[in-house]
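A.B. asks: In our numbering, the protein residues as written are 658 to 790. We treat Cβ as the ideally placed atom computed from N, Cα and C, and that holds for glycine.
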Amino acid sequence: MRGMIMSIQDIIKGKKEWRAHKARVKALPPDYQIVYKEIENYYFKVGPIELTEGTGLLSGIVDLFEEGAALGKGVLEVTGRDVAAFCDELIKGSKTYADIYQESVALEVNKAMKKMAENKNKRGGSGWEKQLK
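Here it is in structure tokens:
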């Protein structure tokens, strides 16, 4: 029961953090809000794993945007014209859900091919199975 209470408290805390984060985004100038929303959508599709660990990455972007806005810079002066490249640079070296999926697909294909090769070897294979070793 205690673990479940902590879990509910963690959910409530996470929601409060998310609402505070979104309030910061709404306080940004309109051009920054537009670009932020696209960055958020991009990350939700690309899926850096650290997004599941709180708002750290996104809060860092808001920090950067708040600083840029305070200096009177346009949002594209902060990110550059290629916003996707800006996003990719921020998560460079981070594991994404796409990476995990890609690894699992490769693992499953290798397992299936090895199993097929073993079965062929038992029956006298055609030679292509040697490529897997």
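DSSP three-state label for MET658, please.
C.D. replies: At MET658, the pLDDT of 46 sits below 50, so the modelled position is not reliable; the number obtained from the coordinates is stated separately. MET658: coil per DSSP, three-state reduction.
A.B. asks: For the segment 719–736 and the segment 764–781, state whether three or more C-beta atom pairs, one from each stretch, are separated by less than 8 Å.
C.D. replies: no
A.B. asks: Provide the residue span of the alpha helix (DSSP H) that contains ILE794, from first to last.
C.D. replies: Shown here, the chain extends from 658 to 790; a query on residue 794 therefore has no answer.
A.B. asks: State buried or exposed for ILE696, treating a residue as buried only when at least 16 other CB atoms are found within 10 Å of its CB.
C.D. replies: buried
A.B. asks: Tell me, to the nearest whole angstrom, how far the beta carbon of ALA741 is from that of LEU685; I am working on the premise that it is less than 8 Å.
C.D. replies: About 20 Å separates the two Cβ atoms, so there is no contact after all.
A.B. asks: Would you mind giving the Cβ-Cβ distance between ILE706 and TYR754, rounded to the nearest angstrom? I have them listed as a contact below 8 Å.
C.D. replies: 7 Å
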